[in-house]
């Protein structure tokens with residue numbers, strides 16, 4: 048299962064799994080996006096199962112995992128890729144309810160998806176897609192960094208608790224991965240700073 052399917056990283060992860068010989072359950076909120084990627088996965092000779100799921104809804108996570116286990120046989124790997132980027136406001140200007148929404152998705156939604164998948168798998172892998180924003184702090188990204196910092200800590204807890212059950216839990220903290228959203232962001236920074244996209 049790969050959550051957070053969109054045009055960028057979720058798509059890339061899913062296609063990489065398909066190329067490696069895996070059938071892939073594609074989780075996300077937009078069915079048309081999931082179906083388009085499913086066609087790409089199937090073109091690589093693997094099965095693809097689009098599953099509409101909002102990880103902020105714990106019952107939806109349980110239902111999604113049950114459907115995947117039923118239709119694909121089992122869940123071997125969960126990639127927690129879904130995230131909320133936060134409000135991009137300075138702390139003193141922020142509404143803490145916005146911070147709570149970011150924490151709800153990035154931490155508690157990820158935990159709900161993980162619990163559902165782990166309970167359906169006797170031996171599996173959980174991969175938390177985290178961020179370098181927990182290491183390289185930037186102004187106005189506090190909500191995002193805080194939620195991902197919490198996720199980094201709980202990833203270690205889950206690794207210790209689930210490891211003896213045969214389930215490995217690891218986190219990946221990537222920097223920028225080029226795609227539509229990064230291209231937009233770099234162009235935004237270039238316009239704001241009066242420099243070129245290449246300089247950013």
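Numbering (this note's numbering), first residue to last: 48 to 247. Don't be surprised by glycine CBs; every beta carbon is placed ideally from N, CA and C.
Could you tell me how far apart the beta carbons of residue i and residue j are, in whole angstroms, since I believe they sit closer than 8 Å?
{"i": "residue 127", "j": "residue 175", "result": "5 Å"}
{"i": "residue 102", "j": "residue 55", "result": "Actually they do not touch by this definition, with Cβ atoms about 17 Å apart."}
{"i": "residue 220", "j": "residue 161", "result": "With 8 Å as the limit, residue 220 and residue 161 do not qualify as a contact, their Cβ atoms being about 17 Å apart."}
{"i": "residue 80", "j": "residue 48", "result": "Their Cβ separation, rounded to whole angstroms, is 16 Å, which puts residue 80 and residue 48 out of contact at 8 Å."}
{"i": "residue 120", "j": "residue 191", "result": "Wrong, their Cβ atoms sit about 36 Å apart, outside the cutoff."}
{"i": "residue 122", "j": "residue 171", "result": "6 Å"}
Report the rounded CA-to-CA distance for residue i versus residue j, giving the unit in angstroms.
{"i": "residue 135", "j": "residue 193", "result": "12 Å"}
{"i": "residue 147", "j": "residue 205", "result": "22 Å"}
{"i": "residue 182", "j": "residue 149", "result": "18 Å"}
{"i": "residue 118", "j": "residue 98", "result": "11 Å"}
{"i": "residue 70", "j": "residue 64", "result": "8 Å"}
{"i": "residue 211", "j": "residue 91", "result": "35 Å"}
{"i": "residue 197", "j": "residue 231", "result": "27 Å"}
{"i": "residue 246", "j": "residue 125", "result": "36 Å"}
{"i": "residue 114", "j": "residue 137", "result": "41 Å"}
What does the Cβ neighbour count give for residue i, buried or exposed, with the cut at 16 atoms within 10 Å?
{"i": "residue 180", "result": "buried"}
{"i": "residue 77", "result": "exposed"}
{"i": "residue 188", "result": "buried"}
{"i": "residue 202", "result": "buried"}
{"i": "residue 164", "result": "buried"}
Any heavy atom of the ligand FAD closer than 7 Å to the CB of residue i?
{"i": "residue 129", "result": "Absence of the ligand FAD from the depicted structure is noted, as is the absence of any ligand whatsoever, leaving it without description."}
Among the options, which residue has its Cα nearest to the Cα of residue i?
{"i": "residue 199", "options": "58, 216, 188 and 237", "result": "216"}
{"i": "residue 130", "options": "96, 210 and 74", "result": "74"}
{"i": "residue 22", "options": "238, 152 and 170", "result": "For the chain, the structure presents residues 48 to 247; residue 22 sits outside this window and is missing."}
{"i": "residue 186", "options": "145, 139 and 224", "result": "139"}
Enumerate, from N- to C-terminal direction, the unbroken beta strand (DSSP E) stretches of 3 or more residues contained entirely within the region 83-118. 95-99
At 3 residues or longer, what runs of the beta strand (DSSP E) sit wholly inside the region 169-228?
Counting whole runs of 3 or more residues, the region 169-228 contains the beta strand (DSSP E) stretches 171-176 and 214-219.
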